[in-house]
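J.: Got a structure for you, written out below as structure tokens; questions coming shortly.
Chains as they are written, first to last, in this note's numbering: chain L, 291 to 537; chain X, 79 to 403.
This is the structure:
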């Protein structure tokens, strides 16, 4: 079973190829990392999956359905959710209000006009469940902006999980986190059930090798390798363009 | 338990305030001269108008400088139906006015919401100026700058006549209560909470799965309908309509009123409309420099009370609470 598939995807910006004829398939339940040096096209590929940009050529499939032309917000309703590399939350609203908006987004009553939000009991229970599970229930009344950076990174993930996604896109989720905070974040991701597929774009190689089942390596907009940790470690081309630089 | 108790206390407090306010509004006309009764009716009408513009500005973060287009659309629909088609039925006229305002909102929203920020402000302004230009130039139909006189007070088939200012005031009060009730429900609803989310971070709301454009569009049309309602009531109050109903200065004045009262508070536009229209109606009878006073007030608000009058007192109470606690 496949969750996510790119087929011959290209993206051109001003005549330059950010991605060129990229194809990859992510199986359901898989943890896939996408790595590559700066400018390899990781973020562009990520945005194509999320629906923020449209490819210049090629097609994107979600659970076997062609979603190439589908805007980001509609992909959420098919079961896709994402986090942002740079914190993208609502700092002025309370922690609870942030989660309520995230939970409500995929509920049929999200367009409700005349009934108060607080009267939807199930909505609050779900938000409470999420916040308790990830240890932020006590902070529910505080403006989200008052949380520490690490807690806000956790909120990024909580907001994404609120829609009960079947596929989760993580954009450098540990960037800017201390080692300890990154480790507890990784525990969070590892704690997700195997019914959730995760695609992670990451710079930190330790994170990648620890989390991913398979790794796709991008270089100058093309896929140069794909495989398990050992396969990638043993790949001479990868060592040349990527790992070599780091070590 | 503590938070629950303070919750019920707060509810009781709010209810008491609302009941007190309602009581004042119900008794008020019996202590006022006929002129001031009309001033109060006008304040209620402009409160509805200011609430409508604030649904866009305060809750969704869309500053519109063209809200008078809908005020005028409602007013002119009634005036034209009464004077040209001879339709005197109030409910029919009201329904038509709201429908025309909604339709105009649907069209203008489609155009204006292609943009954001400064471009949105300029587009709403330009679109409203087009409405103004049409009623100004189309003399044979709209009366041009002479306007359309001779719109009688509505006949609701009630045993008392609404030609009487006090009775008319109660009609306006009834619509004010309905409008406040509906708008309050809307801002507390999942839809209303989403509007606040869009104001604060639209891209995140999209990533969460919200079709933010559609929310803004619906909000724009709702605001248009309430703007049209205010215009409808105003034309019945005055018995007359002129292009001033859809003028740029009216659009600006209602935005100013909402800001003076406080755009982040539900009651803000009501308080702001009251202050602005008291200055406009009462001060202007003593001095022609009422806009100067309004200007000074605006400067004071911007410099010392960014959150408006309501916001200023709310923050004052919060501070005192912290000192006590």
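Glycine included, every Cβ here is placed at the ideal spot set by N, Cα and C. Every value quoted in this text rests on a predicted model; they were computed, and no experiment measured them.
If the criterion is Cβ atoms closer than 7 angstroms, does the pair residue 145 of chain X and residue 156 of chain X meet it?
T.: no
J.: Which complete beta strand (DSSP E) runs does the segment 354-394 of chain L hold, if anything under 3 residues is left out?
T.: 370-372
J.: Using DSSP's beta-bridge definition, name the partner residues of residue 309 of chain L.
T.: For residue 309 of chain L, DSSP records a beta bridge to L:301.
J.: Roughly how many angstroms separate the alpha carbons of residue 299 of chain X and residue 269 of chain X, rounded to a whole number?
T.: Near 14 angstroms, if we compare the C-alpha coordinates of residue 269 of chain X and residue 299 of chain X.
J.: Leaving out the 5 sequence neighbours to the left and right, which residues in its chain are closer than 8 angstroms to residue 346 of chain L when beta-carbon positions are compared?
T.: 300, 301 and 302
J.: Could you round the C-beta distance between residue 500 of chain L and residue 476 of chain L to whole angstroms and report it? I think they count as a contact, below 8 angstroms.
T.: 6 angstroms
J.: Is the segment 333-352 of chain X touching the segment 162-181 of chain X, taking contact as three or more C-beta pairs under 8 angstroms?
T.: no
J.: Beta-carbon of residue 403 of chain L versus every beta-carbon of chain X: anything under 7 angstroms?
T.: yes
J.: Decide if residue 241 of chain X is buried, meaning its Cβ has at least 16 other Cβ atoms within 10 Å, or exposed.
T.: exposed
J.: Looking at residue 491 of chain L: is its Cβ nearer than 7 angstroms to the Cβ of residue 462 of chain L?
T.: yes
J.: Within 7 angstroms (strictly less), CB to CB, does residue 349 of chain X reach chain L?
T.: So, not an interface residue.
J.: Where do the ends of the beta strand (DSSP E) carrying residue 517 of chain L lie?
T.: 512-517
J.: Is residue 366 of chain L close to chain X? Criterion is C-beta to C-beta, closer than 7 angstroms.
T.: Nearest CB-CB separation between residue 366 of chain L and chain X: below the 7 angstroms threshold.
J.: Touch check for the segment 280-297 of chain X and the segment 423-439 of chain L: three-plus C-beta pairs under 8 angstroms?
T.: no
J.: Note down, in chain order, each residue of its chain lying with its Cβ closer than 6 angstroms to the Cβ of residue 471 of chain L, except the 5 sequence neighbours on either side.
T.: 440
J.: Looking at the structure shown, is residue 484 of chain L part of a helix, part of a strand, or coil, going by DSSP?
T.: coil
J.: Quick one, which residues of the segment 263-288 of chain X are near chain L if we go by CB-CB under 8 angstroms, in chain order?
T.: 263, 264, 266, 267, 268, 269, 270, 271, 272, 274, 275, 278, 279, 281, 282, 283, 284, 285, 286, 287 and 288
J.: Over the uninterrupted beta strand (DSSP E) stretch that includes residue 163 of chain X, give me the two end residues.
T.: Careful: residue 163 of chain X lies outside any beta strand (DSSP E) and carries neither H nor E.
J.: Quick one: residues in its chain with C-beta nearer than 8 angstroms to the C-beta of residue 340 of chain L, no 5 flanking neighbours on either side, listed in chain order?
T.: Only residues of its own chain outside the window of five on either side were considered, and among them 362, 365, 370, 372 and 459 have a CB closer than 8 angstroms to the CB of residue 340 of chain L, listed in chain order.
J.: Residue 150 of chain X lies in the alpha helix (DSSP H); which residues open and close that run?
T.: 146-158
J.: Output the distance between the C-alpha atoms of residue 293 of chain L and residue 496 of chain L, rounded to the nearest integer angstrom.
T.: 25 angstroms
J.: Residue 401 of chain X CB to nearest chain L CB: under 7 angstroms?
T.: A caution first: residue 401 of chain X carries a pLDDT of 47, below 50, which makes its placement in the model too unreliable to give a value.
J.: Are the beta-carbon atoms belonging to residue 175 of chain X and residue 139 of chain X less than 7 angstroms from one another?
T.: No, these two residues do not count as a Cβ contact at 7 angstroms.
J.: Under 7 angstroms between beta-carbons, which chain X residues line up against residue 382 of chain L? List them in chain order, please.
T.: Identification of chain X residues near residue 382 of chain L by a Cβ-Cβ cut-off of 7 angstroms yields 278, ordered along the chain.
J.: List, from N- to C-terminal side, the alpha helix (DSSP H) runs of 4 residues or more that fit wholly inside the segment 189-241 of chain X.
T.: If we require 4 residues or more, the alpha helix (DSSP H) runs fully inside the segment 189-241 of chain X come out as 195-215 and 217-220.
J.: Nearest to residue 44 of chain X by alpha carbon, out of X:192, X:282, X:251 and X:275?
T.: Outside the shown range of chain X, which is 79 to 403, sits residue 44 of chain X, and nothing can be said about it.
J.: Specify whether the segment 381-391 of chain L and the segment 412-426 of chain L touch according to this definition: at least 3 beta carbon pairs, one from each stretch, less than 8 angstroms apart.
T.: Output reads yes: the segment 412-426 of chain L touches the segment 381-391 of chain L.
J.: Using 8 angstroms for Cβ pairs, my map puts residue 136 of chain X next to residue 272 of chain X. What's the rounded Cβ distance?
T.: Going by Cβ atoms, the distance from residue 136 of chain X to residue 272 of chain X rounds to 15 angstroms, so no, they are not a contact pair.
J.: Suppose contacts are defined by Cβ-Cβ distances below 7 angstroms. Is residue 172 of chain X in contact with residue 310 of chain X by that definition?
T.: Their beta carbons are under 7 angstroms apart, which means residue 172 of chain X touches residue 310 of chain X by this criterion.
J.: Under 6 angstroms: does the beta carbon of residue 353 of chain X sit that close to some heavy atom of the ligand ADP?
T.: The ligand ADP is not part of this structure, which contains no ligands at all.
J.: Can you confirm whether residue 394 of chain L, when its beta carbon is compared against all beta carbons of chain X, has any partner nearer than 7 angstroms?
T.: yes
J.: Between X:277, X:154, X:87 and X:356, which has its C-alpha nearest residue 220 of chain X's C-alpha?
T.: Cα-wise, what sits closest to residue 220 of chain X is X:154.
J.: Hey, would you say residue 126 of chain X sits closer than 7 angstroms to residue 304 of chain X, going by beta carbons?
T.: yes
J.: With a cut-off of 7 angstroms, does the C-beta of residue 372 of chain L fall near any C-beta of chain X?
T.: It does; some Cβ of chain X falls within 7 angstroms.
J.: Look at the Cβ atom of residue 308 of chain L, then the Cβ atom of residue 511 of chain L, and state whether they are nearer than 7 angstroms.
T.: yes
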